[in-house]
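Residue numbers (the working numbering): 802 to 1042.
Where a beta carbon is used, it is the ideal one built from N, C-alpha and C, also for glycine.
Keep in mind the model is a prediction, meaning the values are calculated, not measured.
Report on the structure given below.
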C-alpha cells in the first residue's frame, strides 16, 4: 500500500517537470536493492497517509529511523555520497523533513554536486532539490544556496524553442532568481532595482514566448464565487507548475 501510494501520488512532486518520470519508474526499481531508499519511500508515504487518512503515525517514524540508520553512516563516505541512489533517498527525506518542519538533512542534497552537468536520475534529483529550495526560501527568509546551473540549466537560452517541460524549468529557475533578488541583503539598492527590472523583462519575455501548451484547456483565471483560487485545467503537470 505504501509503495503504491508513492507511485500514484507522491512521485509527481519529484517528477514535476521531468518527461522521463525517474521517481515514478526508476526510483522504485532501485529501492528493491537499496534499503535506505526503500525506507525513505515508505516513510514519506506513511507520513502523508497519516495526514490524509489518520494512518498510524508511528509507521512513518519507524521507517524514518531505519532510513537514517543507514543514511547517516553513508554521508561520511565520499563515494557513497556521490551515488545517485543515495541522492534520491536524500531528496525524498528532504521533502519529508519539510513536511515535519525539520531541516536536519536540508543541506545534504544541495551539496552533492559534480562539475559535469548532471544527467538521468541525478539531474531529476537536482531539479527536485532546487524546487525544494525555492519552496523553502520564503519560509526561512534565506536566499537559495543552490544554483539552477547545478541542475544542468542553461541560463543563456534566449527563450528559444524548447519542449514544454523545459519551459517549466525556465520558469522555476526564474522564480529562484526572483527569490534571491529579494532575499540577498548584500545587494545595494541600485543593483537590486536594476536586477529586479531585468527579472521583470525576463518574466514578460517568458509569457510572450511560451508555447500554446501552457494555455489552459478549461477554466478561468478568475476565482468562482465562494472560492479562493481559480480552477483551470492543463494537459500536463509542467503546464500548471
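(1) Mind checking who residue 1020 pairs with in its DSSP beta bridge?
(2) Return the residue from the list 817, 1025 and 808 that minimises the CA-CA distance to residue 1042.
(3) Are the beta-carbon atoms of residue 832 and residue 803 separated by less than 9 Å?
(4) CB residue 960 to CB residue 1009, shorter than 9 Å?
(5) Pairs of beta-carbons, one from the stretch 867-887 and one from the stretch 847-856, closer than 8 Å: are there three or more?
(6) Could you name the residues of the same chain whose beta carbon sits closer than 7 Å to that of residue 922, not counting the 5 residues immediately before and after it, in chain order?
(7) Does residue 827 come out as helix, strand or coil in the three-state DSSP assignment?
(8) Write down the C-beta distance between residue 1059 and residue 958 rounded to the nearest angstrom, noting that I regard them as a contact closer than 8 Å.
(9) Looking at C-alpha atoms only, which residue of 977, 941 and 937 is the closest neighbour of residue 954?
(10) Do residue 864 and residue 843 come within 9 Å of each other at the CB atom, strictly closer than that value?
(11) With DSSP as the reference, label residue 958 as helix, strand or coil.
(12) In the stretch 916-949, which residue ranges form an unbroken alpha helix (DSSP H) of at least 4 residues, counting only runs that do not cross its ends?
(13) Given a threshold of 16 other Cβ atoms within 10 Å of its Cβ, counted over all protein chains shown, does residue 946 qualify as buried or as exposed?
(14) Would the beta-carbon of residue 968 fall within 9 Å of that of residue 1007?
Here's the rundown:
(1) 1033
(2) 817
(3) no
(4) yes
(5) no
(6) 823, 827, 885 and 889
(7) helix
(8) Since the first residue of the chain shown is 802 and the last is 1042, residue 1059 is not available in this structure.
(9) 977
(10) yes
(11) coil
(12) 921-941
(13) exposed
(14) yes
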